[in-house]
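Read in order, the letters of the sequence shown are residues 39 to 157 in my numbering.
Beta carbons: idealized from backbone N, C-alpha and C, even for Gly.
Reading through the structure tokens given below for one structure.
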Amino acid sequence: MIDLLATHFNYLAVVALLAIGLYGVTASPNLVKKIIGLNVFQVGIFLFFVTSGFVDGAAPPLLGHGSAPYASPLPHVLILTAIVVGVSLTAVALALVVRIYDAYGTLDEDAIEEVRTYD
């Protein structure tokens, strides 16, 4: 059991990151903390894709490397694209949080809902 955990510690890190991110999104009423929780969750997904795309002893997919097993570059390329999309979505979400703070004077989700019901 210990040997299995030692060889697959990346998957334990993935589960931990996903759990921490999900807890951050669901437990906190603060909008900035929700965005941080989403980013932590996103990092867990990135780690899962990179870990699943790893092939031990594989060569890069280039001509002339013989009959060695090749590692697919597709998961890594997808993660690079997802990082760029994630950064831009985080920037848009933070810009929206700034606008919400200007309009309501708070970042607490319950207080915003209370203000909206009285309008």
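In this structure, the alpha-carbon of VAL123 lies about 14 Å from that of LEU132. When ASP146, VAL115, VAL153, THR155 are compared, the shortest CA-CA separation from VAL70 is found for ASP146. Taking a cut-off of 8 Å for Cβ pairs, the stretch 76-89 and the stretch 150-157 do not touch, as fewer than three such pairs fall below it.
The beta carbons of ALA96 and PRO107 sit closer together than 8 Å. Looking at GLY143, TYR139, TYR49, the one whose alpha-carbon comes closest to that of LEU85 is TYR49.
Selection TYR142, LEU116, PRO99 evaluated against SER90 yields LEU116 as nearest (Cα-Cα).
Inclusion of VAL88 and LEU55 in the CB contact set at 8 Å is not warranted, their separation being larger than that value. Going by C-alpha positions, TYR139 is about 37 Å away from HIS114.
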